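Protein chains: 2
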Amino acid sequence: MSTLGTVGIKEVAQRAGVSPGTVSNVLNRPERVAVATRARVQQAIRELGFVRNGSAATLRAGQSRAIGLVVLDVGNPFFVEVARGVEDVVSDRDHAVILCNSGESPGREARNLRVLAEQRVRGVLITPADEDLSMLEGLRDRGVAVVLVDHPATGDLCSVSVDDVAGGDLAVTHLLDRGAERLAYVTGPLGIRQCVERRKGARRALRNAGLPARALEDVVVPEMNAGGGALAAEKLLAGGVPDAIFCANDLLALGVLRALAQAGVRVPDDVALIGYDDIEFSSAAAVPLSSIRQPTYQLGKIATELLLEECDDPSGHAHQQIMFQPELVVRESSR
Amino acid sequence: MSTLGTVGIKEVAQRAGVSPGTVSNVLNRPERVAVATRARVQQAIRELGFVRNGSAATLRAGQSRAIGLVVLDVGNPFFVEVARGVEDVVSDRDHAVILCNSGESPGREARNLRVLAEQRVRGVLITPADEDLSMLEGLRDRGVAVVLVDHPATGDLCSVSVDDVAGGDLAVTHLLDRGAERLAYVTGPLGIRQCVERRKGARRALRNAGLPARALEDVVVPEMNAGGGALAAEKLLAGGVPDAIFCANDLLALGVLRALAQAGVRVPDDVALIGYDDIEFSSAAAVPLSSIRQPTYQLGKIATELLLEECDDPSGHAHQQIMFQPELVVRESSR
DNA sequence: TTGGCCTGTTGACACGTTTTAATACAGCCG
DNA sequence: CGGCTGTATTAAAACGTGTCAACAGGCCAA
């Protein structure tokens with residue numbers, strides 16, 4: 001039943017009357033061992049409650065059956081959906097996912113990557129916290145496959161992303177169509193690429209409409225969650241509320257929405273509001289939230305397929321940069 | 001710079017002019033090695049870009065510096081908040097967390113536990129998917145510390161939980177106070193303990209109010225998310241909408257809320273609604289959601305402290321069962 | 001000077017598995 | 001009967017680190 005200490009491949013071998021090598025074969029290439037022997041070994045495994053020591057296996061094999069996924073914020077449903085796509089692909093190939101949270105901090109990201117490197121993961125899926133990709137290139141040079149998620153690569157890495165400039169354009173063009181003249185852009189730190197790109201798109205929309213760049217005021221907050229949104233709303237209420245607000249993600253928008261409601265500002269009558277990501281909760285918000293939808297699940301799925309492809313054939317692999325187009329979803333908050 | 005292949009402790013040792021044992025000491029007990037030597041070794045490590053092979057370290061040490069966290073649903077903000085509590089404690093002690101998702105399925109839970117066992121994690125934090133704890137006791141007998149999260153233990157395991165019976169009572173008592181006479185309980189599979197306990201509390205509240213058990217209709221759906229809530233709402237709309245609805249968690253309640261709104265049923269005028277968990281999105285919902293609040297972050301934090309305590313002193317450790325009390329939060333949906 | 005102690009360092013082995021080359025054996029054909 | 005093929009199994013050599021007993025050398029007290 002439950003032996004204390006450690007029951008290894010040797011004990012199993014002895015019990016089944018075979019050599020350790022055969023037990024290993026049963027575990028890894030069952031087809032190479034005769035049916036009768038195989039059955040005997042499997043029974044011994046069951047009887048002794050043997051579980052293979054993954055560290056030893058990994059050590060010997062030189063690489064593990066795991067991949068790392070480093071996201072900016074596990075609390076953000078966007079990344080949870082990405083993770084779902086990743087896991088669905090990975091578990092089919094019976095690999096494991098080690099999920100890490102960088103919290104948008106390059107320091108924590110670096111720590112996470114070090115752990116993943118120590119674990120000798122086969123590959124890493126990552127949404128980088130800043131533009132410095134040197135550590136990732138270091139990983140790749142060390143033989144760890146890397147795919148950027150929600151971040152376009154420049155050519156020597158694979159990437160799967162969504163056109164954030166187009167998304168920003170889509171959002172602001174919509175707000176302008178609706179008659180807005182004074183706009184605000186609520187965003188996280190401008191070290192985050194998505195924030196910058198979406199702003200770029202927003203400004204492009206402004207230009208196309210013949211409006212000056214100053215028609216769009218930036219409101220930068222340190223964290224891209226509901227708390228950050230509330231903070232941004234405070235700032236806006238203090239400085240005079242604009243016609244329309246574009247938030248760099250839905251969590252910010254939900255925070256803004258709640259804070260505005262508490263202050264008696266009506267959405268969309270007094271101010272139009274649009275978010276980004278189209279997370280599930282947006283449609284159930286106090287005022288259903290307009291948003292920019294991204295193929296989130298697909299992002300995780302495709303990225304993982306690319307990663308595993310690179311793992312399986314590291315030499316004959318051409319890096320690909322895949323970019324999806326986002327989609328405008330109009331709801332009550334900007335009607 | 002970036003050597004291909006593998007740079008190990010030996011190369012570092014050679015470069016620094018010391019023995020491999022000394023390098024290992026620098027890594028694990030820096031205080032035992034002279035400052036000058038230590039500096040030389042650390043420089044060699046930097047120059048060669050050495051990263052320690054975690055598998056080898058784990059193999060030799062017999063256990064890793066990681067703990068496993070198995071939750072019912074990573075998509076549920078409740079568990080995300082628990083995970084945050086876990087990670088905050090764990091990263092202070094520079095351990096790592098391996099986050100696994102059972103999706104409420106005992107099968108996936110078993111697979112996850114097997115992977116964790118193979119990885120030789122020091123301990124496991126788990127919200128079990130069913131009442132069969134035999135596999136967990138097996139783990140514990142094998143020397144892996146186990147703490148139950150959001151699930152009370154019977155005595156031979158540690159656990160940190162919240163009084164779900166009290167929570168169910170709180171919710172339904174509130175609905176009854178508000179004048180409800182025909183109630184519905186929207187819940188996930190009754191294999192899940194939380195669902196059963198909360199119903200038990202709900203029925204207790206009914207009894208205390210002198211009402212028959214049939215005043216509370218069970219609506220069971222397969223998944224405890226917004227989709228499940230929508231499904232439940234369909235059933236309710238078909239069978240006649242009650243006065244008040246108690247949902248086993250907030251995701252269900254949000255799903256119910258949205259579906260009712262689409263069908264033209266007003267909350268709280270036509271029907272009162274209350275959820276469970278008090279996730280962040282509940283207060284920002286179309287109709288701000290009443291809910292039962294739990295000390296979610298604390299749950300993760302305390303559970304992890306218990307776990308690490310058990311890891312550090314396995315023999316002189318007395319198992320504890322800690323139970324928190326939940327709290328009623330009244331918002332618009334049941335006013 | 002000798003003996004003892006403390007601090008730093010070393011060398012060799014062990015951890016549990018995978019893998020490879022070698023071995024045993026049966027069956028088949030010439 | 002001998003050589004050959006193919007299958008099933010084995011023995012032994014790694015993989016990269018941690019540990020621990022042993023050892024070197026400097027210092028102080030006797």
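Chains A and B, in that order, give the protein sequences. Here the UniProt record's numbering is used: the first residue of the first sequence is 1, the next is one more, and so on. Here the UniProt record's numbering is used: the first residue of the second sequence is 1, the next is one more, and so on. Think of the CB as a built atom: it goes at the ideal place given N, C-alpha and C, for glycine as much as any other residue. Bear in mind that the values here come from a model prediction, so they are computed numbers and not experimental data.
Taking 8 Å as the CB threshold, residue 226 of chain A lines the interface with chain B. In the three-state reduction of the DSSP assignment, residue 13 of chain A falls in the helix class, which pools H, G and I. Residues 161 and 163 of the same chain have their beta carbon placed closer than 6 Å to that of residue 323 of chain A, with the five preceding and five following residues left out of the count.
In the structure shown, residue 137 of chain A adopts helical secondary structure according to DSSP, grouped into three states.
Residue-level contact by beta carbon holds for residue 117 of chain B and chain A, with a gap shorter than 8 Å. The Cβ of residue 58 of chain B sits closer than 8 Å to at least one Cβ of chain A. Residues of chain B with a Cβ closer than 7 Å to the Cβ of residue 96 of chain A are, in chain order, 115. Interface residue (Cβ-Cβ distance to chain A less than 8 Å): residue 123 of chain B is not classified as such.
When 8 Å is used as the limit between beta carbons, residue 280 of chain A is near these residues of chain B: 226, in chain order. Taking residue 223 of chain B as the centre and dropping the five residues before and after it, the same chain places the C-beta of 188 closer than 7 Å to its C-beta, in chain order.
Close to residue 254 of chain A, with beta-carbon spacing below 8 Å, are these residues of chain B in chain order: 281 and 284. Within the region 281-330 of chain B, the runs of beta strand (DSSP E) at least 3 residues long that lie entirely inside it are, in chain order, 291-293, 321-324 and 327-329. Per DSSP, residue 45 of chain B is one residue of the alpha helix (DSSP H) stretching across 35-48.
Here the C-alpha atom of residue 66 of chain A lies approximately 32 Å from the C-alpha atom of residue 248 of chain A. Chain-order list of chain A residues neighbouring residue 83 of chain B: 74, by C-beta distance under 8 Å.
Between the region 69-79 of chain B and the region 38-48 of chain B there are fewer than three inter-stretch CB-CB distances shorter than 8 Å, so the stretches are not counted as touching.
Residue 231 of chain A sits away from residue 241 of chain A, with the two beta carbons spaced by 8 Å or more. Contact between the region 278-290 of chain A and the region 256-264 of chain A is present, with at least three C-beta pairs closer than 8 Å.
Chain order gives the chain A residues near residue 53 of chain B as 59, 118 and 120, where near means a beta carbon separation below 8 Å. By DSSP's assignment, residue 218 of chain A forms a beta bridge with A/185.
DSSP places residue 99 of chain A within a strand segment (E or B) once states are collapsed to three. Boundaries of the beta strand (DSSP E) harbouring residue 66 of chain B: 66-71, taken from the DSSP string. Pairing residue 170 of chain B with residue 326 of chain B gives a Cβ-Cβ distance under 8 Å. In the displayed model, residue 261 of chain A falls within a helix according to three-state DSSP. For residue 88 of chain B, the closest alpha carbon among the candidates A/102, A/93, A/88 and A/87 is that of A/102. Residue environment: residue 179 of chain B is assigned as exposed (fewer than 16 neighbouring CB atoms within 10 Å of its CB, all protein chains considered).
When A/137, A/318, A/276 and A/321 are compared, the shortest CA-CA separation from residue 330 of chain A is found for A/276. Annotation: Cβ neighbours of residue 80 of chain B in chain A (cutoff 7 Å, chain order): 74 and 75. With the criterion set as a beta carbon lying under 7 Å from some beta carbon of chain B, the members of the region 254-279 of chain A are 254, 257 and 258, in sequence order.
Within 10 angstroms of the beta-carbon of residue 186 of chain B lie 16 or more other beta-carbons, which makes it buried. For the pair residue 238 of chain A and residue 255 of chain A, the CB atoms are not nearer than the 8 Å cut-off. Counting C-beta pairs closer than 8 Å gives fewer than three between the region 101-115 of chain A and the region 110-117 of chain B, which falls short of the contact rule.
According to the DSSP assignment, residue 123 of chain A belongs to no alpha helix (DSSP H) but to the beta strand (DSSP E) extending over 123-126.
DSSP places residue 159 of chain B within a strand segment (E or B) once states are collapsed to three. Put simply, the CB of residue 99 of chain A is near chain B, with a gap under 8 Å to one of its CB atoms. When the Cα atoms are used, residue 136 of chain A and residue 53 of chain B turn out to be separated by approximately 18 Å.
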